[in-house]
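Read the structure below first, then the notes.
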Amino acid sequence: MLEWSRGRNITFSVSLDGEEVVHNSNRILGHGLSYSRTVSGVEAIKRSLGVGRVATVTTVTKDLIRHPESIVQAHLSLGLKDMFIRPVSPYGFAQKASFTFSMDEYLSFYASLIDEILKINNEGIRIVEHSASIHLKRIFNPGFSGYADLKSPCGVVLNSILFNYDGRVYGSDESRMLQKVNPETEFSAGEVKTLSFSKSPYYNAVLSSSFNFALPGCDTCAYQPFCGADPCQNISVQGEPVGDRSRSTFCQYHKGMFRYLMNSISEGGPKAEMLKGWTYV
1 MLEWSRGRNI TFSVSLDGEE VVHNSNRILG HGLSYSRTVS GVEAIKRSLG
51 VGRVATVTTV TKDLIRHPES IVQAHLSLGL KDMFIRPVSP YGFAQKASFT
101 FSMDEYLSFY ASLIDEILKI NNEGIRIVEH SASIHLKRIF NPGFSGYADL
151 KSPCGVVLNS ILFNYDGRVY GSDESRMLQK VNPETEFSAG EVKTLSFSKS
201 PYYNAVLSSS FNFALPGCDT CAYQPFCGAD PCQNISVQGE PVGDRSRSTF
251 CQYHKGMFRY LMNSISEGGP KAEMLKGWTY V
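Take the sequence shown: its position 127, counting from 1, is numbered 127 in full-length UniProt numbering, and each next residue is one higher.
Structure (structure tokens):
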């Protein structure tokens with residue numbers, strides 16, 4: 001796989017949920033070695049293709065929320081200075097109480113994480129957190145729309161297509177997860193040789209329900225021009241694609257991120273300068 005990827009524009013996305021104990025509890029494998037396998041995989045990609053061809057995703061659960069510094073150290077121990085941090089999404093096992101937390105808890109954790117990154121940056125090691133970078137680009141560069149969650153209409157099909165191991169094709173990983181926990185409903189567009197997104201009732205409903213300027217609660221929101229829509233999460237939690245914004249963790253998360261970043265920049269100082277620099281990465 002690595003040799004095949006060498007001459008192609010391919011980046012490997014790897015889950016890295018902090019240091020070993022938390023990562024192993026989040027990413028459960030029968031032999032309990034998910035962290036060591038992740039480390040081996042990252043090192044193999046770096047040796048074969050270079051550090052620029054591996055990108056990490058950190059999914060924050062209740063275990064990890066108490067240790068923001070462990071995320072930074074886990075990346076630095078692998079020679080990685082770019083990270084992408086996000087809260088756990090409400091699909092499948094992630095809806096269990098042992099994984100979840102309030103959005104206020106997450107945003108408090110995230111502020112502590114940014115303070116930890118600022119401390120490391122002040123020591124001369126430049127780290128970039130790309131979730132903040134994406135939100136900042138949406139604020140300062142309205143033409144930036146490369147992130148599926150912050151698109152209107154949403155990025156399902158338009159920004160992502162997933163080929164599953166069983167031959168089925170999905171418009172997003174979230175659609176695949178919905179299929180896994182709701183096998184009685186069809187969330188794929190069919191198999192590779194017969195697929196049709198345009199004929200799928202699911203994808204028609206998802207895309208037509210994701211123009212945020214027309215959604216209740218989004219149409220009057222100050223952050224609407226920067227934000228997107230997540231009909232898949234609404235289906236997972238509320239059973240239909242439009243959803244109730246007052247109960248939406250998607251809404252709480254992105255509004256909280258925009259608010260935190262805008263306030264941090266307006267306060268000035270070293271943190272503001274670091275964040276402004278992330279709009280250009």
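The C-beta atom is built at its ideal place from N, Cα and C for all residues, glycine as well.
Three or more pairs of CB atoms, one per stretch, sit closer than 8 Å, so the stretch 239 to 246 contacts the stretch 213 to 231. Your pair VAL156 and LEU207 checks out as a contact, with CB atoms roughly 7 Å apart and the cut at 8 Å. Scanning its chain for C-beta atoms nearer than 7 Å, with the 5 sequence neighbours on each side dropped, one finds around GLU20 the residues TYR35, in chain order. At the C-beta level, GLU191 and ARG176 stay beyond 8 Å of one another. At least 8 Å separates the beta-carbon of PHE84 from that of ARG53. An exposed status is given to ARG259, since fewer than 16 other beta-carbon atoms sit within 10 Å of its beta-carbon.
Beta bridge pairing from DSSP links PHE12 with VAL54. The beta carbons of LEU64 and GLY18 sit about 5 Å from each other, so the pair counts as a contact at 8 Å.
Here the alpha carbons of ALA272 and PRO183 stand approximately 47 Å from one another. LEU150 is classed as buried because its beta carbon has at least 16 other beta carbons within 10 Å across all chains shown. Counting only residues of its own chain and dropping the five nearest sequence neighbours on each side, HIS254 has a CB closer than 6 Å to the CB of CYS227.
Taking the CA atoms as reference points, THR38 sits about 19 Å from PRO68. The Cβ neighbour count for MET257, taken over all protein chains shown within 10 Å, is at least 16; the residue is labelled buried. Relative to the Cα of TRP278, the nearest Cα in the group HIS130, TRP4, SER77 belongs to HIS130. In its chain, beyond the 5 residues on either side, LYS46, VAL51 have a beta carbon closer than 8 Å to the beta carbon of GLY79. Per DSSP, the unbroken beta strand (DSSP E) holding PRO87 starts and ends at 85 to 87. In this chain, PHE187 is not harboured by any alpha helix (DSSP H), its DSSP state being neither H nor E. Judged by DSSP in its simplified three-state form, GLU240 adopts coil rather than helix or strand.
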